[in-house]
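Per the UniProt record's numbering, residue 1 is the first one in the sequence shown, and the count goes up by one each step.
The structure appears below as structure tokens.
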Amino acid sequence: MCKSPNTLVGKRARRAGGGRGHLQSGRAVVFPCCPFPQTHLLIAKRRNSAFSWTQRPPTFRLNLAWTTPDVRRRPNAIMWTSEMLLRLTATVLIFCHIVYGTNKEPNMIPGRSVIVHLFEWRFDDIAEECETFLGPRGYGGVQAINEHGIVFGDTVKRPWYERYQPVSYKIGNRSGNETQFRDMVRRCNTAGVRVYVDVVINHMTGPLQIKNGTLGSTFNYNEYSYPAVPYGPDDFHKKNQCGSKSGGIENYGDAQQVRNCELVGLRDLNHGREHVQAKISEFLNRLISFGVAGFRIDAAKHMWPADLKVIYEKLNDLSTDFFAAGTRPFIYQEVIDMGQGEPITRWDYNQMGRVTEFLYGAKLGAVLRKRPNQLLKYLRNFGEDWGFLPGGDALTFVDNHDNQRGHGAGGADVLTFFEPRLYKMAVAFLLAWPYGLPRVMSSYRWSRNFRDGVDQNAWIGPPSDASWNIRRVVRHRDNTCGDGRICEHR
1 MCKSPNTLVG KRARRAGGGR GHLQSGRAVV FPCCPFPQTH LLIAKRRNSA
51 FSWTQRPPTF RLNLAWTTPD VRRRPNAIMW TSEMLLRLTA TVLIFCHIVY
101 GTNKEPNMIP GRSVIVHLFE WRFDDIAEEC ETFLGPRGYG GVQAINEHGI
151 VFGDTVKRPW YERYQPVSYK IGNRSGNETQ FRDMVRRCNT AGVRVYVDVV
201 INHMTGPLQI KNGTLGSTFN YNEYSYPAVP YGPDDFHKKN QCGSKSGGIE
251 NYGDAQQVRN CELVGLRDLN HGREHVQAKI SEFLNRLISF GVAGFRIDAA
301 KHMWPADLKV IYEKLNDLST DFFAAGTRPF IYQEVIDMGQ GEPITRWDYN
351 QMGRVTEFLY GAKLGAVLRK RPNQLLKYLR NFGEDWGFLP GGDALTFVDN
401 HDNQRGHGAG GADVLTFFEP RLYKMAVAFL LAWPYGLPRV MSSYRWSRNF
451 RDGVDQNAWI GPPSDASWNI RRVVRHRDNT CGDGRICEHR
């Protein structure tokens, strides 16, 4: 959030030249706390009794028909009054809110800028990690796995992806119950580490025969019934709204199919319905009341931006127990866009929050793997010049929980912990290079089994006991982890 401006009193900004329209004298006012990609200077220029505010970079102009400034001392000198400076402050606050968007700020404590995804960790272990490692080592935030009442595994036992097939919006799953979740949020905030919740709001379950979720929630896939929310048949997209023969996504070149059809058989919510918008915003606001700092929006690409905008606008400000009054939740949206000409792009979503920049990891991996014509020296302008999002809009990463298993985007160029030397180089670059907001992974190992280039074991869940309960994370004195945990962030 922008606060009061830092006014450079007595300084004058000058430009050589002097003819009409050129700045000859003016006060410079710097607003370093606004979420600009770089430090920006706003300069007042007098033009025909109006003011024009110029920002560099990038270039924009906002004309303000204010009262003529006091120029009694000399014709070209602008005398700033307290009223004018207050109006300037208000204008920049509005600019920060409207142009840049308040959902792009991660709300970390000063001096911190890195998120770690503790994939498939228990809530108690996340809290302990915040207190003993993440906070002391300067991490800014943690991405916690989504907390819905989720379904049990069907043909395979407790796969990691069952978390991404919600039955309800209750708090509690294999990672712990609601009390443990709330305790985790409190302890992480106290340690200076923000919590961003990975939420699934695009869809509900796939066609599973088991009809019970965690916490006793029931559902009926065939009848589009999820009474624990509650959602019924009218809350989902139907085949006639989709445009494909099967009711599933058949053509990613058709935006209507991508957003209105079912993704791999998952019941697709109709976010244009007020009831759906209300239940989702109610769920997110409950998490906000616990003290979370924001959300990763899973499968944002499969939802209409206009519908997401309505949902985001229904969100409350963050809890004043941990954040300044008026602080908006941080939002980063999963949009897989590899720049291959699909009608849905990450640019459709970056006005509402940050967006996952999948090109980052793929392109960086291609360079470090020494692909043809991919030289290390080309990284000198890695970022927007490569066709990426503006840095202030991007969530950057080397790999994520999907593409390290061959899902999602990036293909063979994506680097993972299975190639430790190159992976460490990539993560070091990610953390050092001044572009985007970086997120690092914390994974677990599984035994891969490739057939025809596809890992048959990519479904395997986290280290568990005989009853499929997630085991506690084992930490060693040398900052490594045991029991199959990779702990790349350490």
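Glycine included, C-beta positions come from ideal geometry on N, C-alpha and C.
Quick check: what's the CA-CA separation for K170 versus M108? 27 Å
Are there 16 or more other CB atoms within 10 angstroms of the CB of V454, so buried, or fewer, so exposed? exposed
Among P136, N103 and G141, which one has its Cα closest to the Cα of V116? G141
Other residues of its chain near L376: CB distance less than 7 Å, five sequence neighbours each side excluded: V367
DSSP puts I297 in a beta bridge; with which residues? V199 and Q333
Start-to-end residues for the alpha helix (DSSP H) that takes in M441: Run containing M441: none in the alpha helix (DSSP H); it sits in the beta strand (DSSP E), L437 to S442.
Enclosing alpha helix (DSSP H) for G365 [first to last residue]: F358 to L368
Compare the C-alpha of H401 against each of P159, L263 and N177 and name the closest. P159
Assuming R122 contacts I470 (C-beta within less than 8 Å), just tell me the rounded distance between them. 5 Å
Say whether the segment 270-285 touches the segment 231-241, bearing in mind that this needs 3 or more beta-carbon pairs closer than 8 Å, one atom from each stretch. yes
E488, buried or exposed, once every other Cβ within 10 Å from all chains shown has been counted against 16: buried
Report, in whole angstroms, the separation of the C-beta atoms of Y312 and V335, which I expect to be a contact under 8 Å. About 15 Å; that fails the 8 Å criterion.
In the DSSP assignment, what are the bridge partners of Y226? Y231
Can you find a CB in chain D that lies within less than 7 Å of the CB of S289? The question asks about chain D, but that chain is absent: this structure has only one protein chain.
Sorted by chain position, which residues of the same chain lie with C-beta nearer than 7 Å to H476's C-beta, five sequence neighbours on each side aside? G482
Distance, E120 Cα to P462 Cα: 6 Å
Rounded Cβ spacing between D413 and G365 (contact assumed at less than 8 Å): 4 Å
Quick one: Cα of S281 to Cα of R194, how far? 20 Å
On a Cα-Cα basis, can you pick out the residue from Q165, K301, P343 and V264 that is closest to G253? P343
Could you pull the DSSP bridge partners for D268 from this structure? H203
According to DSSP, is D455 part of a helix, a strand, or is it coil? strand
Give the C-beta separation of Q340 and T356 to the nearest angstrom, bearing in mind that I take them to be a contact with Cβ-Cβ under 8 Å. Between T356 and Q340 the Cβ distance is about 16 Å, and since that is not below 8 Å, they are no contact.
Among A325, I486, N202 and G111, the one whose alpha carbon lies nearest that of I297: N202
List the DSSP bridge partners of I115. G141 and R439
In or out: V264 buried (at least 16 other Cβ within 10 Å) or exposed? exposed
I'd like to know if the segment 431-446 and the segment 385-396 are in contact, where contact means that at least 3 CB-CB pairs between them fall below 8 Å. yes
Output yes or no for whether 7 Å exceeds the beta carbon distance between Y423 and R485. no
Secondary structure at A127, three-state DSSP: helix, strand or coil? helix
Please state whether DSSP places G135 in a helix, a strand or coil. helix
Element boundaries [alpha helix (DSSP H), containing T179]: E178 to T190
Alpha-carbon to alpha-carbon, S246 and F322: 48 Å
Contact check, N103 vs I288, beta carbons under 7 Å: no
Would you kindly report the start and end of the unbroken alpha helix (DSSP H) that includes A306? P305 to E313
Rounded Cβ spacing between N260 and C242 (contact assumed at less than 8 Å): 5 Å
So the candidates are A127, E129, D124 and V114; which of them puts its Cα closest to the Cα of Y139? V114
Under the three-state DSSP convention, the category P390 falls into: coil
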